[in-house]
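With positions in the sequence shown counted from 1, the corresponding number in my numbering is that position plus 138.
Every residue gets a Cβ at the ideal spot worked out from N, C-alpha and C, and that includes glycine.
Just so you know, these numbers come straight off a predicted model, no measurement behind them.
Since the structure comes first, as C-alpha cells, the remarks are kept for the end.
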Amino acid sequence: MKRGQTTIFVIIGIVIVMIVFIFFILRGQIKTIVNPRENLDIEKQFSQCVEELLREKVKLISEQGGYSSNKLNLTFEFTGEEEVDISYLCYQQNNYLPCVNQQPMLMTHLKNEISKEISGEVEKCFQRLVTDLKSKDQEVKYNYEGFDLSLYSGRIVLLVNGDISSKKADSVSKHSNLKSVYYTNFYDLAIVAQEIVSQEARFCNFEQVGYSLIYPEFKIHKFRTGDSNLIYTITHLKSSERFRFVIRGCVIPPGF
C-alpha cells in the first residue's frame with residue numbers, strides 16, 4: 139500500500155514539473171498580445187479627427203459649386219449670408235446657345251476635390267496617433283501610403299492604406315485599415331445637381347415641379363441674377379445640408 143502511494147506521489151510530482159516546464163516555455167513564446175480596448179480607442183480617435191475634416195471641407199465645396207477654388211465662378215452674396223465664389227457647373231458665354239456641362243463626371247470630380255483638400259490633414263491625423271503612442275513609452279512602427287475615399291448615399295467613407303504597430307514590454311498592438319465614416323447627404327445632393335445640369339444643357343430648362351413631386355426630400359430654389367446667371371440651391375430638408383452652383387445658358391439678350 140505504501141509502495142502504491144509512493145508511486146502516485148512520484149507521478150503527481152512529475153506532472154507538476156512538466157506543467158511548470160511547459161508554462162515557462164510557452165511564456166517565452168507568447169509575446170504578442172493585442173489589446174482590443176486600445177484598438178478601439180485608436181480607431182475612434184482617428185475617425186473623429188478625419189470626420190471633422192470632412193465636415194468642414196464638404197460644407198465648403200457644397201457652398202461653392204463642387205470646388206474649393208475655381209476660376210470659372212460667380213461672386214455673389216445672398217441676403218444674410220457672406221459673399222462666396224460659386225462655380226459654374228454648366229456655362230455658355232454666348233447668347234442663345236445652351237450651356238456646356240463643365241463636369242460630366244461630377245461624382246469623380248467631387249471625390250477627387252475632397253481628397254485633394256484633406257490629403258495633408260489626414261496624414262496629420264495618422265501621425266498624431268503615432269505621436270500619442272510614442273508618448274506612452276511604446277515602440278512604434280508604422281506605414282502610411284495615403285487613403286481611399288468613397289462617396290455613397292448617406293455617407294462618405296475614408297480607408298487608410300497603412301498600419302501602425304506598437305510594443306510595450308511583451309504587449310503588442312496592431313492597427314490596420316483605419317477607417318472613418320462621415321454621415322452626410324452630400325452624395326445625394328450632388329446627384330440632384332447632376333440631373334439639373336443635364337436637363338439645362340439639353341433643354342435650357344429644369345423641370346423642377348415634376349422632380350420635386352418624385353423626390354420631396356429635396357427643396358430646389360433657383361435665383362436669376364441681373365446678368366442672366368441662374369443660381370441653383372438644393373437643400374436636403376431633413377438635414378438642412380445644401381449644394382449650390384451656377385448655370386449660364388440659352389441667354390436671350392435685353393431688347394429681344
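Work out the CA separation of residue j and residue i for me, nearest whole Å.
i: Asn177; j: Glu338; result: Residue placement at Asn177 is poorly supported in this model, since its pLDDT is 49, which falls under 50; the coordinates are not used for a value here.
i: Lys195; j: Ala331; result: 18 Å
i: Lys197; j: Gln346; result: 24 Å
i: Gly203; j: Ser303; result: 41 Å
i: Glu277; j: Asn299; result: 21 Å
i: Arg382; j: Ile180; result: 36 Å
i: Ala328; j: Ser366; result: 23 Å
i: Arg380; j: Ser200; result: 7 Å
i: Tyr353; j: His359; result: 14 Å
i: Val389; j: Asn343; result: 11 Å
i: Ile171; j: Lys312; result: For Ile171, the predicted structure reports a pLDDT of 41, less than 50, and the residue's modelled location is therefore unreliable. The matter cannot be settled from this model.
i: Lys306; j: Asp275; result: 7 Å
i: Gly364; j: Glu255; result: 33 Å
i: Phe356; j: Ser273; result: 48 Å
i: Val310; j: Leu192; result: 31 Å
i: Asn232; j: Leu287; result: 38 Å
i: Ser378; j: Tyr321; result: 13 Å
i: Arg340; j: Pro236; result: 7 Å
i: Tyr234; j: Glu251; result: 32 Å
i: Lys262; j: Asp326; result: 29 Å
i: Glu220; j: Asn281; result: 42 Å
i: Lys249; j: Glu189; result: 15 Å
Who are residue i's beta bridge partners in DSSP?
i: Leu368; result: Arg362, Ile385
i: Arg380; result: Thr373
i: Tyr320; result: Ile294
i: Gly300; result: Tyr282
i: His313; result: Ile302
i: Glu277; result: Lys305
i: Phe214; result: Val222
i: Tyr229; result: Val238, Arg386
i: Leu287; result: Leu296
i: Lys357; result: Thr373
Am I right that residue i and residue j are in contact with their C-beta atoms under 8 Å? What's the rounded C-beta distance?
i: Ile294; j: Phe324; result: 7 Å
i: Val260; j: Leu296; result: 7 Å
i: Ser318; j: Ser185; result: 4 Å
i: Asp223; j: Asn239; result: So it is not a contact: roughly 20 Å between Cβ atoms.
i: Asp301; j: Ser291; result: No, Asp301 and Ser291 are not in contact; Cβ-Cβ is about 29 Å, not under 8 Å.
Exercise for review: Indicate whether the contact test is met: 3 or more Cβ pairs, each with one atom in the region 245-263 and one in the region 223-230, closer than 8 Å.
Suggested key: no
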